[in-house]
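So the structure is just underneath, and the comments pick up after that.
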Amino acid sequence: MIVKVDAARCQGHGRCAVEAARVYTLDAEGHCAVNGRTIPPELEEEARIGVEVCPERAIALEP
Ligand code: SF4
Numbered sequence: 115m116i117v118k119v120d121a122a123r124c125q126g127h128g129r130c131a132v133e134a135a136r137v138y139t140l141d142a143e144g145h146c147a148v149n150g151r152t153i154p155p156e157l158e159e160e161a162r163i164g165v166e167v168c169p170e171r172a173i174a175l176e177p
């Protein structure tokens with residue numbers, strides 16, 4: 115699974131990094147910094163949590 119973060123949508127709320135800290139990290143401006151990251155199977159459920167809590171719908175997961 116690969117995380118895709120739409121930089122045009124991400125507003126830097128940081129909720130992804132709070133609710134799913136093992137998957138999502140933020141850059142110096144507070145925007146999600148894991149675009150293109152490959153997620154191992156044991157973290158896939160946590161990756162989905164990040165999708166659900168992002169208020170901007172900026173995160174997508176690809177197989
Ligand atoms: S929760 Fe969404 S808008 Fe906020 S930092 Fe994460 S990806 Fe960006």
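The letter at position 50 of the sequence shown is residue 164 when you use the working numbering, and the numbering goes up by one with no holes.
For glycine and all other residues, C-beta sits at the position ideal for the given N, C-alpha and C.
Could you give the first and the last residue of the continuous alpha helix (DSSP H) run that contains residue i?
| i | result |
| --- | --- |
| VAL165 | 158-167 |
| GLU143 | Taken as a continuous stretch (DSSP letters only), GLU143 belongs to no alpha helix (DSSP H), as it is neither H nor E. |
| GLU176 | Counting along the chain, GLU176 falls outside any alpha helix (DSSP H), though it belongs to the beta strand (DSSP E) covering 173-176. |
| GLU133 | 129-133 |
Apart from the five residues just before and just after residue i, which ones in its own chain have a Cβ nearer than 7 Å to its Cβ?
| i | result |
| --- | --- |
| GLY164 | CYS130, GLU133, ALA134, VAL137, TYR138, ILE173 |
| GLY126 | GLU143, GLY144, HIS145 |
| ASP120 | ALA172 |
| LEU157 | ARG136, VAL137 |
| GLY128 | LEU140, GLY144 |
Would the C-beta of residue i count as close to the ligand SF4, meaning under 6 Å from any of its heavy atoms?
| i | result |
| --- | --- |
| GLU176 | no |
| ILE173 | yes |
| GLU170 | yes |
| GLY150 | no |
Since residue i sits in a beta bridge, which residues does DSSP pair it with?
| i | result |
| --- | --- |
| ILE116 | THR152, GLU176 |
CB-CB under 6 Å to residue i, same chain, minus the five flanking residues each way: which ones, in chain order?
| i | result |
| --- | --- |
| ILE116 | THR152, GLU176 |
| ARG123 | GLU170, ALA172 |
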